[in-house]
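K.L.:
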Amino acid sequence: MTVQYILEIIGTGFFSISGALAATDKSKPDWFGVTFIGFITSIGGGSVRDILLGSYPLGWVRDVNFIYSIITGIVIASLFFKVLIKLRRTFFLFDTLGIAMFTILGTEKALSFNIHPLVAAIMGMFSAVMGGVLRDVLTNEIPVIFKKEVYATACLVGALFYIFLDSVSENRNLNIIISMFLIFIIRIISIKYNLSLPKFRTEDQEEPVNK
Amino acid sequence: MTVQYILEIIGTGFFSISGALAATDKSKPDWFGVTFIGFITSIGGGSVRDILLGSYPLGWVRDVNFIYSIITGIVIASLFFKVLIKLRRTFFLFDTLGIAMFTILGTEKALSFNIHPLVAAIMGMFSAVMGGVLRDVLTNEIPVIFKKEVYATACLVGALFYIFLDSVSENRNLNIIISMFLIFIIRIISIKYNLSLPKFRTEDQEEPVNK
Amino acid sequence: MTVQYILEIIGTGFFSISGALAATDKSKPDWFGVTFIGFITSIGGGSVRDILLGSYPLGWVRDVNFIYSIITGIVIASLFFKVLIKLRRTFFLFDTLGIAMFTILGTEKALSFNIHPLVAAIMGMFSAVMGGVLRDVLTNEIPVIFKKEVYATACLVGALFYIFLDSVSENRNLNIIISMFLIFIIRIISIKYNLSLPKFRTEDQEEPVNK
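Chains as they are written, first to last, in this note's numbering: chain A, 174 to 384; chain B, 174 to 384; chain C, 174 to 384.
1) What's the gap between the Cα of TYR335(A) and the Cα of PHE209(C)?
2) Taking C-alpha atoms, which residue in ASN348(A), VAL234(A) and GLY304(A) lies nearest to ALA195(A)?
3) Exposed or buried, which one is LEU222(B) when buried takes at least 16 other CB atoms within 10 Å?
4) Residues in the same chain with beta-carbon distance under 8 Å from ASN383(C), minus the five sequence neighbours each way, listed in chain order, please.
5) Could you give the first and the last residue of the continuous alpha helix (DSSP H) run that contains LYS365(A)?
6) Roughly how many angstroms separate the alpha carbons of LEU301(A) and SER340(C), rounded to a whole number?
7) With DSSP as the reference, label ASP203(A) as helix, strand or coil.
8) Measuring CA to CA, which of ALA250(A), PHE205(A), ILE183(A) and ASP236(A) is closest to SER369(B)?
9) With 16 other CB atoms within 10 Å as the buried threshold, where does ILE179(C) fall?
10) Out of curiosity, what's the CA-to-CA distance linking PHE319(A) and LEU260(B)?
11) Does the beta carbon of TYR229(B) come closer than 7 Å to any beta carbon on chain C?
12) Below 8 Å, how does it come out for the segment 268-286 of chain C and the segment 308-317 of chain C: are there three or more Cβ pairs, yes or no?
13) Under the assumption that LEU338(C) contacts SER352(C) (Cβ atoms under 8 Å), give the Cβ distance between them as a whole number of angstroms.
14) Going along the chain, which residues of the segment 285-314 of chain C sit with their C-beta nearer than 8 Å to a C-beta in chain A?
15) When we look at the beta-carbon of GLU379(B) and count the other beta-carbons within 10 Å, is it buried (16 or more) or exposed?
16) Enumerate in chain order the residues of its own chain whose CB-to-CB distance from SER220(B) is below 7 Å, with the five nearest sequence positions on each side excluded.
17) Quick one: grab the DSSP three-state call for LYS320(C).
18) Under 9 Å, CB to CB, which of the residues in the segment 346-378 of chain C have a partner in chain A?
19) Whole angstroms is fine: what's the gap from ASN238(A)'s alpha carbon to ILE182(A)'s?
20) Please state if the CB of ALA283(A) and the CB of MET296(A) are separated by a distance shorter than 7 Å.
21) Would a C-beta distance cut-off of 7 Å place ILE247(B) and SER189(B) closer than the cut-off?
22) With a CB to CB cut of under 8 Å and the five nearest residues on each side skipped, what residues in its chain are close to SER342(C)?
23) Could you give the residue range of the alpha helix (DSSP H) that holds LEU270(A)?
24) 7 Å is my cut-off, CB to CB: does PHE319(C) come that close to chain B?
25) For ASN313(C), report the span of its alpha helix (DSSP H) as first-last.
26) Express the C-alpha separation of SER191(B) and PHE187(A) in angstroms, rounding to a whole number.
27) By Cβ distance, which residues of its chain are closer than 7 Å to ILE243(A), with the 5 residues on each side in sequence left out?
28) According to the Cβ coordinates, are ALA293(A) and THR280(A) closer than 7 Å?
29) Please report the residue range of the alpha helix (DSSP H) in which LEU252(B) lies.
30) Does the distance from the CB of ASP203(B) to the CB of LYS255(C) come in under 7 Å?
In structure tokens:
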């Protein structure tokens, strides 16, 4: 059991807490619905990455500890719901750490498939954000990555920075920590100062082409 | 041609009738739209399971009889629409039987990949419900499994029970029939007595964390 | 570098322009959102086809030129937005050509997996329309293929015609061009004369079965 494995299992549990809390945001789902959404949020990103890479077996299919971690997360979300809502600031920090970790570990995994660094960075970003995208699609919401754009852009920037570090330094652990920290900082600063990317077009739009 | 194969082909046709009838519920789609939705409803669950397992080729890609069965289902749905609507009680029983069958056969297939029983049960449940989830996502609805929760929970319970039976008895056919019957009974009773799972939280909710 | 490869790369760029213009139709997304949607629109159809076939590695994962083409498309969409909107008629012709090309090349690829021609035609149609379906699902719209039905039906007819030609003539290039032309003509005529497929049911509908 490596440190990385333990972090992945813990990160999965955090994602399921996050998914469960988000699921209760819009509706009052029952236990099954919350667990299903927590599950998809947790394993969605890594599953999309692995299916796109053709990397089988998927982590949670091979190793039931991911399932246990998700269930534990759901139970914690239920037992400590009020506390977690109050601790949302603290929880947000953990959530951002989780996203940073999933991005960099996903990028590293993609690189091991000998693909172009740009594609690997996209795969890393997908690892972190696609669970949330699937959750939003299932609950009939516009995915948050289209609204809080710095969220996914921070992942992409961090992934590209990791690939750069990886090409100039062999200190893998340090590369991972620095890149994760970059994602963390970009997201925290962008939220603190309410920064966002420029809109694609700012002038009044004419009717675009149909397709 | 085994009995199981024939049941699978017939079950696929039933799912496409069910998908076609559900598709006409919300809008007035044309023939292509209804066929597309019937198709996705029929093959969605098994395809999601096989893609997650990395089990290639997918059933309907390998064997065109699944396509013929789906098209037959769409034609029947069109020709006998009024009758099928009137027979909705009877049709509901067939639909529940189909769901029960897909769950248990999906669980059995997943077990053959030497994965943990809990993961196999999830795969079995996915086989039965993911077609409907994809149908609802495509038609911009909140998936019914989040509303009529006993639907998917019954599949999960039946799948776990099948795995238990499989570990204590070698009579495969009897195990399949008993587990299918359990899913059938749970769903029928839960609808007859309007049973549902407890809500995740019943007290008034405060604003949950954003993610 | 074959002609086919160059056409595929150019077609991918056209799809990303088309996706970017469609993305700005409903909301005012930022650069990340538009790029993400353009990306999914471009690579979605081919990725769905390849994942269903189990054909790895996916084109854009193996070859970064697809990514460059997508990014170029997004930049062009931004720089020449007003012109492109004014040229919508011309652009529509290119878009239809792209759809026709993706359908036939997708069908040909699927045939190389030794699957039934009917399944191969479905795969060809998926290659052309699934990018748009994923785009619509992500932006919380009812997929256009359920509204402008001749769009996907034209692809299916062209794919089946290609398979017929392929079985009677060995002149591959001519077969491709004729089949693409058929898709092109069906779509143009159906839009010019506002043709659509018959509705699945025209009489007043009773309440259909629940599922």
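A virtual CB, placed ideally from N, CA and C, is assigned to each residue, including glycine.
P.N.:
Let me spell this out:
1) 21 Å
2) GLY304(A)
3) Here residue 222(B) turns out to be Arg, not Leu, going by the sequence shown. It is buried - the Cβ of ARG222(B) has at least 16 other Cβ atoms within 10 Å.
4) No answer about ASN383(C) holds up, because its pLDDT of 46 lies below 50 and its placement is not dependable.
5) 345-365
6) Correcting the residue type first, residue 301(A) is Ala in the shown sequence and not Leu. When rounded, the distance between both Cα atoms is 46 Å.
7) strand
8) PHE205(A)
9) exposed
10) 44 Å
11) yes
12) no
13) 6 Å
14) GLY305, VAL310, LEU311, THR312 and ASN313
15) Unreliable positioning characterises GLU379(B) in this predicted model, as indicated by a pLDDT of 46, which lies under 50. The coordinate reading is nonetheless provided below. Under this definition GLU379(B) is an exposed residue.
16) LEU231
17) coil
18) none
19) 7 Å
20) yes
21) yes
22) ASN348
23) 261-284
24) yes
25) Where ASN313(C) is concerned, there is no enclosing alpha helix (DSSP H), given that its DSSP letter is neither H nor E.
26) 38 Å
27) THR185, GLY186, SER189, GLY211, PHE212 and SER215
28) yes
29) 238-252
30) no
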